[in-house]
Amino acid sequence: DAGVIQSPRHEVTEMGQEVTLRCKPISGHDYLFWYRQTMMRGLELLIYFNNNVPIDDSGMPEDRFSAKMPNASFSTLKIQPSEPRDSAVYFCASSQQGGSYEQYFGPGTRLTVT
Amino acid sequence: ELKVEQNPLFLSMQEEKNYTIYCNYSTTSDRLYWYRQDPGKSLESLFVLLSNGAVKQEGRLMASLDTKARLSTLHITAAVHDLSATYFCLLNTGNQFYFGTGTSLTVIP
Chain E
1 DAGVIQSPRH EVTEMGQEVT LRCKPISGHD YLFWYRQTMM RGLELLIYFN
51 NNVPIDDSGM PEDRFSAKMP NASFSTLKIQ PSEPRDSAVY FCASSQQGGS
101 YEQYFGPGTR LTVT
Chain Z
1 ELKVEQNPLF LSMQEEKNYT IYCNYSTTSD RLYWYRQDPG KSLESLFVLL
51 SNGAVKQEGR LMASLDTKAR LSTLHITAAV HDLSATYFCL LNTGNQFYFG
101 TGTSLTVIP
């Protein structure tokens, strides 16, 4: 398996623009997580899905952030409009119910908002 | 307010020495994970601890979980340079997940 796939790997955009981050989980995994990592706040969970349904979105910073999972193999995290304080590395992870629930992380998307 | 605290935040140790990283949390736990992150890289899963008293070992690393004390430890035995990285614990409680603050480990020859 190719592991969790994220795109783009790097994104530079101007304040006010819309940004869409994409994630393809490991095939067969039924949980998908979106995390954000910054120097100031560390690693924090934004939202996660089980069987394509959002379970906990309490970490989504504000209405400018939205996430969708239209099918088992694809998820998006959208920021509209983007702000400089959204600059961070965004990680997607997936896991499988049962067993260890081990989360496998993608390579991350480094977002810079100028 | 739920807290997941790691200590130390920074650790510089000599090769061949032993040391322990602590992960303290302020609520009940369902699962406790340990991850490693190299600079500029993603997170690599090390251990998943599912129950009180769980102990797992891989190479020079050993993790344990004491749910009564709300404490997990990551013990490093005879450190080598390749273990230099940042280590995170991740707490799963109910439907929520919280990362620890991270411990930056540097192993000095």
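Going down the list, the sequences are from chains E and Z. In this text, residue positions in the first sequence follow our numbering: the first is 1, and each later residue adds one. In this text, residue positions in the second sequence follow our numbering: the first is 1, and each later residue adds one. Every residue gets a Cβ at the ideal spot worked out from N, C-alpha and C, and that includes glycine. Keep in mind the model is a prediction, meaning the values are calculated, not measured.
DSSP, read as helix, strand or coil, puts L65(Z) in strand. Annotated three-state conformation of R85(E) is helix, per DSSP. For L105(Z), the uninterrupted beta strand (DSSP E) segment begins and ends at T103 to I108. Beta-bridge pairing by DSSP links Y35(Z) to S45(Z) and F88(Z).
For I76(Z), the enclosing beta strand (DSSP E) starts and ends at L71 to I76. DSSP, reduced to helix, strand and coil, places D56(E) within a strand of the structure shown. The beta-carbon of P61(E) is placed no less than 8 Å from the nearest beta-carbon of chain Z. Straight across, the Cα-Cα distance linking A88(E) with S51(Z) is about 33 Å.
In this structure, L46(Z) is the residue among Y19(Z), L74(Z), L46(Z) and A78(Z) with its C-alpha nearest to the C-alpha of S100(E). By the CB criterion at 8 Å, L45(E) and F97(Z) fall inside the cutoff. The beta carbon of E102(E) sits closer than 7 Å to the beta carbons of S95 from its chain, once the five residues preceding and following it are set aside; these are given in chain order. Your pair Y19(Z) and I76(Z) checks out as a contact, with CB atoms roughly 5 Å apart and the cut at 8 Å.
Across the structure, P8(Z) and T103(Z) are spaced so that their CA atoms are roughly 6 Å apart. Assignment of beta-bridge partners to K17(Z) by DSSP yields no partner.
C-alpha of Q6(Z) to C-alpha of T101(Z): approximately 6 Å in a straight line. Under the three-pair Cβ rule at 8 Å, the stretch 79 to 88 of chain E counts as touching the stretch 54 to 67 of chain E. For N24(Z), same chain residues with a beta-carbon under 6 Å away, outside a window of 5 residues either side, are E5 and L71 in chain order.
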